[in-house]
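Visitor: One structure follows; several queries about it will come next.
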Amino acid sequence: MNGCGRAFVAVLRRDLVIGFRHRSELGNPVVFNIIVALLFIFALGNDPVILGRLAAAIIWVCAVLASTLSLERLFTPDYEDGTLEQLLLSAQPLPLLVAAKILAHWLLCGLPLVVAALLLGVLLYLPQPGYPPLLLTLLLGTPVFSLLGALLAALTVGLRGSGVLLALLILPLYIPVLIFAVAAVSDAVHGLSIAGQIYFLASLFVLALTLLPFATAATLRLRLG
Amino acid sequence: MRMLEPFYKFSSPQHFYRLSTVLAPWLGWLAVALFTTGLTGGLLLAPPDYQQGESVRIIYVHVPSAWMSLFVYVLMAAAGVAGLVWNVKVADAVARASAPLGAMFTFLALATGSLWGKPMWGTWWVWDARLTSELVLLFLYLGYMALQNAIEDRRMAARAGAVLALVGVVNIPIIHYSVEWWSTLHQPASISRIGAPAIHISMLVPLLVMALAFTFYYVAAVLVRARCELLEAEAGSQWAQAAAATAAERP
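Line by line, the protein sequences are chains U and V.
Going by this note's numbering, the letters in the first sequence line up with residues 1 to 225, in that order.
Going by this note's numbering, the letters in the second sequence line up with residues 1001 to 1251, in that order.
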């Protein structure tokens, strides 16, 4: 493995190790996710028909909120203890290191949300045909959240009250993913083809993956340079 | 390089300040004249629509403000890029000064659209694709302004704002088409858009005059606002203190 690959793995491993050392924090977004879904259930009542029809929408909105909540942790701790500056000074390309951090963030925060969403599907009486598209859209959509979120987290790192500001900036940008993901699940429940929505989400994912690590790295240099 | 010299000259805060002091009143009065002409033409001279009646007259405010809301966002992003790439202080000031104006145009477009919707659609609000996109645009403006206010260092705020505006410009088409797709999916067919696609010349002329009036109003307002931004940003410099002193002496 060459230097770039080793640097990528080193950053990834470091972030994962730190994540697992703070296990209680790791679980917070998932617990938040389930609690918000619970609030929806209390507000809507326990009618299986109504809940089943709204399940996809509720699960996705909960996932959006929970992933927004977790974004602040992406760069803020590293900014506070100076690690971020070390990464900026590193000889390896910054976009690569940022990509490693984003991947670690998705593994720690995005993937648990996908698992939690399947559990919520059961609690919300999501009809059986909805599960494969729910899983697929979450696997395509949550990385987009992590990638887009990383850019805006880089933009707001170190600002006072950055949590609320970050949510304010990021939520409008999540709209396309939300629209197509929820539509895919509800179309699948009605037995329609969902290829279009999946292609759209996949193209958003590829677009985000190719552009955003570079944009995030440039933004970090702007903010800290 | 010689060709670019006037541009460099204009882009120095000092010259921009002087030029804007001269230009802003003229452009402002031009906007007033155009507003008077356009509103007279639109509200009194243009015929009422054969289907919508007198309610159609709101388009003379609604359509130009909707145009401006998008135009100002793109201009804000372009100014942001100029500030980011060439380090033009004036561009930073223009971008920062544009945001509240753009948000105001967006709000005006939403409010007039809603007022028009009540008699035409029978409801204040419809989740129509264009209305919804406009609402998202308002949130993008508000986010930009919130970011500007959160960063105290002006240089940093301008750079961060430029990045955000660029992200917004890339995202606006994606959001717009997603929302369009979404609204055709959800909206019942009972709400159909009234009005023929073509617009008669007697209505088009006042509309274009109003669009010009809005543009000149925007340019005049942004010149004044950017001038104040520059004074604040350059408060320590000699020219800014001299300019402030001259302004204070004026009756």
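Even for Gly, the Cβ is constructed at its ideal location relative to N, Cα and C.
So Ala-1220 (chain V) is in the alpha helix (DSSP H); what residue range does that whole segment cover?
Guide: Element bounds for Ala-1220 (chain V): 1201 to 1233.
Visitor: Leaving out five residues on either side along the sequence, give the residues of the same chain with a beta carbon under 7 Å from the beta carbon of Leu-69 (chain U).
Guide: Pro-29 and Phe-32, listed in sequence order.
Visitor: Does Asn-1171 (chain V) come within less than 7 Å of chain U when only Cβ atoms are used?
Guide: Asn-1171 (chain V) counts as touching chain U.
Visitor: From the DSSP output, in three-state form, read off Arg-160 (chain U) for me.
Guide: The answer is coil: DSSP assigns Arg-160 (chain U) none of H, G, I, E or B.
Visitor: Label Met-1001 (chain V) either buried or exposed according to how many other C-beta atoms from any shown protein chain fall within 10 Å of its C-beta, with 16 as the threshold for buried.
Guide: Low confidence applies to Met-1001 (chain V): its pLDDT is 49, below 50, so where it sits in the model is not reliable, and the reading given next is rough at best. It is exposed - the Cβ of Met-1001 (chain V) has fewer than 16 other Cβ atoms within 10 Å.
Visitor: With a threshold of 7 Å between beta carbons, is Pro-29 (chain U) in contact with chain V?
Guide: Closer than 7 Å: no.
Visitor: Chain U partners of Leu-1204 (chain V), CB-CB under 8 Å?
Guide: Correct list: empty, because the minimum Cβ distance to chain U is about 33 Å.
Visitor: What residues of chain U sit near Trp-1182 (chain V), judged by a beta carbon separation below 8 Å?
Guide: Near Trp-1182 (chain V) (Cβ distances below 8 Å), the residues of chain U are Ile-179 and Ala-183.
Visitor: Please report the residue range of the alpha helix (DSSP H) in which Gln-92 (chain U) lies.
Guide: Where Gln-92 (chain U) is concerned, there is no enclosing alpha helix (DSSP H), given that its DSSP letter is neither H nor E.
Visitor: For Phe-1275 (chain V), which of V:Ala-1082, V:Tyr-1217 and V:Gly-1102 has the nearest alpha-carbon?
Guide: The first residue shown for chain V is 1001 and the last is 1251, placing residue 1275 (chain V) beyond what the model contains.
Visitor: Just to confirm before moving on: does the CB-CB distance between Thr-1112 (chain V) and Ile-1058 (chain V) stay below 7 Å?
Guide: Yes, they are a contact pair.
Visitor: Is there at least one Cβ from chain U nearer than 7 Å to Ser-1012 (chain V)'s Cβ?
Guide: By this cut-off, Ser-1012 (chain V) is not an interface position.
Visitor: Can you give the beta carbon distance from Ile-102 (chain U) to Ala-181 (chain U), rounded, assuming they're within the 8 Å contact cut?
Guide: Contact doesn't hold; Cβ gap of about 20 Å is too wide.
Visitor: Contact check, Ser-1114 (chain V) vs Trp-1124 (chain V) under 8 Å by CB: the rounded distance?
Guide: Confirmed, about 5 Å.
Visitor: Any beta carbon of chain U sitting closer than 7 Å to that of Leu-1140 (chain V)?
Guide: Yes, Leu-1140 (chain V) counts as interfacial toward chain U.
Visitor: Mind checking whether Pro-1119 (chain V) and Ser-1055 (chain V) have CB atoms under 7 Å apart?
Guide: Going by C-beta atoms, Pro-1119 (chain V) is nearer than 7 Å to Ser-1055 (chain V).
Visitor: Would you mind sorting Asp-187 (chain U) into buried or exposed? The rule is 16 or more other CB atoms within 10 Å of its CB.
Guide: Under this definition Asp-187 (chain U) is a buried residue.
Visitor: Which chain U residues sit within Cβ distance under 7 Å of Arg-1159 (chain V)?
Guide: Chain U residues near Arg-1159 (chain V): Leu-222.
Visitor: Is DSSP giving Ile-102 (chain U) helix, strand or coil here?
Guide: Ile-102 (chain U) falls in the helix class under three-state DSSP.
Visitor: Output, in sequence order along the chain, the residues in the region 1143 to 1155 of chain V whose CB is closer than 8 Å to any CB in chain U.
Guide: Residues passing the 8 Å Cβ filter: Gly-1143, Ala-1146, Leu-1147, Ala-1150 and Ile-1151.
Visitor: Excluding five sequence neighbours on each side, which residues of the same chain lie with their C-beta closer than 7 Å to the C-beta of Ala-57 (chain U)?
Guide: Hits under 7 Å: Val-182.
Visitor: Could you check where the alpha helix (DSSP H) with Cys-4 (chain U) kicks off and where it finishes?
Guide: Its alpha helix (DSSP H) spans residues 3 to 21.
Visitor: Val-189 (chain U) and Pro-129 (chain U) - do their beta-carbons sit closer together than 7 Å?
Guide: Yes, these two residues count as a Cβ contact at 7 Å.
Visitor: Please confirm if Ile-50 (chain U) has its CB atom under 7 Å from at least one CB of chain V.
Guide: So, not an interface residue.
Visitor: Counting only the same chain and skipping the five closest in sequence on each side, list residues whose C-beta sits under 8 Å from that of Leu-1110 (chain V).
Guide: Contacts found: Leu-1131, Glu-1134, Leu-1135 and Leu-1138.
Visitor: Tell me which residues of the region 1057 to 1075 of chain V have at least one Cβ-Cβ distance to chain U shorter than 8 Å, keeping chain order.
Guide: The region 1057 to 1075 of chain V vs chain U, Cβ under 8 Å: nothing.
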